[in-house]
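Basically my numbering = 1-based index in the sequence shown + 279. Here is the structure we will look at, set down as structure tokens.
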Amino acid sequence: MSAYWIAVASAEHVRRGRASGFMQVNHGKAAPLRRVKPGDGIVYYSPTTILGEKDGLQAFTAIGIVREGEPYQGDMGGGFTPFRRDVEWAKAEETPIKPLLDRLHFTGGKSNWGYQLRFGLFEIEDHDFRVIAEAMGAKMAVPAN
């Protein structure tokens, strides 16, 4: 059975991972990536375009399926070797979250919908993954549950 996840990172960081076919979470920590398994669906939410700026992007910026393999370390230079997982990223459009808030179960029209996004990686329902995939116009096969 596949699981579905939302990861949180700036759009700039997501775009770098998307271009190279990998994901990183929580500043490169390994433990969160071990919860994610091959075949799981992953969506990135980006609160901002660039880390540390407050531009209010608030958009889903990538969607894909985790590839076979275990988390591994990548070398980003300067001694920074974050853990990663390989992902088959779908062709999709970056999409604002606000028009979807009432349709997503994890937000449920709550005024504090952004609270769980603070954790960097959390599991979502199949329903939410499908709603986001449709909104992004994702060209992909959604894993069956």
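Yeah, the Cβ is synthetic: ideal placement off N, Cα and C, and Gly gets one too.
Point to revise | Counted within 10 angstroms of its Cβ, other Cβ atoms place I321 as buried (16 or more) or exposed | key: In the sequence shown, counting from the first residue as 1, residue 321 sits at position 42. So I321 counts as buried.
Review point. F401 by DSSP, collapsed to three states: which one?
Key: If you number the sequence shown from 1, residue 401 lands on position 122. Reduced to three states, the DSSP call for F401 is strand.
Practice item. Could you tell me how far apart the beta carbons of L400 and V304 are, in whole angstroms, since I believe they sit closer than 8 Å? Key: As a first step, residue 400 is located in the sequence shown; it is residue number 121 there, counting from the start. As a first step, residue 304 is located in the sequence shown; it is residue number 25 there, counting from the start. About 5 Å; that satisfies the 8 Å criterion.
Review point. Straight-line CA distance for G358 to I329?
Key: The residue given as residue 358 occupies position 79 in the sequence shown. The residue given as residue 329 occupies position 50 in the sequence shown. Answer to the nearest angstrom: the Cα atoms are 22 Å apart.
Practice item. Look at the alpha carbon of E373 and the alpha carbon of S289, and state the distance between them as a whole number of angstroms. Key: Taking the sequence shown and counting its residues from 1, one reaches residue 373 at position 94. Taking the sequence shown and counting its residues from 1, one reaches residue 289 at position 10. Approximately 12 Å between the Cα atoms of the pair.
Check your understanding: Mind pulling the alpha helix (DSSP H) runs of 4 or more residues that sit fully within the stretch 354-391?
Key -> none
Point to revise | S289 (DSSP reduced to helix, strand or coil) | key: If you number the sequence shown from 1, residue 289 lands on position 10. Looking at S289 - three-state DSSP - the assignment turns out to be coil, as it is neither helix nor strand.
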